[in-house]
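One structure is given below, encoded as structure tokens.
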Amino acid sequence: MDRGDFDFIPHSCLGESSEKLQHLEQVITLAIEIAREGHEGKKVGTIFTVFNADEVLPRSRCMILDPLALHEDHKKQIDDPNLRETIKELSLLDGAFVVDDHGVVVSACRYLDVTVEGIDLSLGLGSRHMAAASISKQTDCVAVAVSESSIVRIFIDGRMVSEIIPEIWLFNKYSTHLEGSYSKRSYNDMTVLDKDSEELR
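Numbering (the working numbering), first residue to last: 1 to 201.
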């Protein structure tokens, strides 16, 4: 499948349906907005899991009463501007957002049950990235981690496959955690690093 409009989608995801790619693009774009904007000048970190929500939910639990529970699905679509602003506010709270195959944010503020077994992350990446890597390996979801250092990292099958650096100036101060060969793309004022497809086989 041609990349088309999916500028932020890792190469390894392009086999998915166009509808699923649209939902993933919406999540990644929202993650980038959170990384860039923070909240009232404070940097914010969070996690999104995308796809296979039925597998993610049993491997996670709510840390507080779920603020999205009992709301109708049409009000929880990832492309709804009202929901996106709500998510930005909720990202101040600990826990992950779970997004299903249809773009519905089914739950928020979830603690992900993780294991370090089979996960090999670069030094300097903390528990948020470990959780994202682990849940992606356990459930075949795509995990999108927003770092408080304003970097968005994408995990598939326990491996980091892409890093998105929202500000070009930040790239000059940044040392990539992707190992092996990767490609670099620029889109507007962002830089996207993708693992080479050959390395993911």
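Here a beta-carbon is modelled for each residue, glycine too, at the ideal position from N, C-alpha and C.
Item to check | Inter-residue CB distance, cysteine 141 and valine 56 (contact presumed, cutoff 8 Å) | outcome: 6 Å
Next on the checklist: Quick check: what's the CA-CA separation for lysine 76 versus isoleucine 154?
Outcome noted: 22 Å
Item to check | Segment limits, alpha helix (DSSP H) that includes glutamate 115 | outcome: The sequence shown places threonine at residue 115, rather than the glutamate named in the question. That residue, threonine 115, is in no alpha helix (DSSP H); it is neither H nor E in DSSP.
Checklist entry - Below 7 Å between beta carbons: does that hold for histidine 11 and aspartate 194? => result yes
Next on the checklist: On the DSSP letters alone, give me the boundaries of the alpha helix (DSSP H) that lysine 137 sits inside.
Outcome noted: 127–139
Item to check | Cβ-Cβ separation, leucine 112 to alanine 131 (assumed contact under 8 Å), whole Å | outcome: 5 Å
Checklist entry - Which ranges does the alpha helix (DSSP H) cover as unbroken runs of at least 4 residues, wholly within the region 2–46, from first to last along the chain? => result 18–37
Next on the checklist: Among Gly15, Glu16, Leu93, whose alpha-carbon lies nearest the alpha-carbon of methionine 63?
Outcome noted: Leu93
Next on the checklist: For leucine 30, count the other beta carbons within 10 Å of its own beta carbon; 16 or more makes it buried, fewer makes it exposed. Which is it?
Outcome noted: buried
Item to check | Whether valine 104 touches aspartate 73 by CB criterion (7 Å) | outcome: yes
Checklist entry - When the Cα of glutamate 16 is compared with those of Glu33, Val50, Ile34, Glu117, which residue comes out closest? => result Val50
Item to check | Span of the alpha helix (DSSP H), counted from its first residue to its last, around leucine 83 | outcome: 81–90
Checklist entry - Can alanine 108 and proline 67 be called in contact, C-beta distance under 7 Å? => result yes
Item to check | Closest residue to serine 147 among Leu83, Ile87, Arg36 (Cα-Cα distance) | outcome: Arg36
Next on the checklist: So, with DSSP's three-state summary, where would you put alanine 226?
Outcome noted: With the chain represented from 1 up to 201, any question about residue 226 goes unanswered, as that position is not in the structure.
Next on the checklist: Please report the distance separating the alpha-carbon of lysine 184 from that of threonine 191.
Outcome noted: 7 Å
Next on the checklist: Given this structure, state the Cα-to-Cα distance separating isoleucine 9 from leucine 70, to the nearest angstrom.
Outcome noted: 31 Å
Checklist entry - So serine 136 and glycine 158 are in contact, right, with Cβ under 8 Å, and what is the actual spacing, rounded? => result 6 Å
Checklist entry - Grouping DSSP H, G and I as helix and E and B as strand, with all else coil, what is lysine 76? => result coil
Checklist entry - Rounded to the nearest angstrom, how far is the Cβ of arginine 110 from that of glycine 95, given a contact under 8 Å? => result 5 Å
Checklist entry - Measuring CB to CB, does asparagine 52 end up less than 7 Å from threonine 139? => result yes
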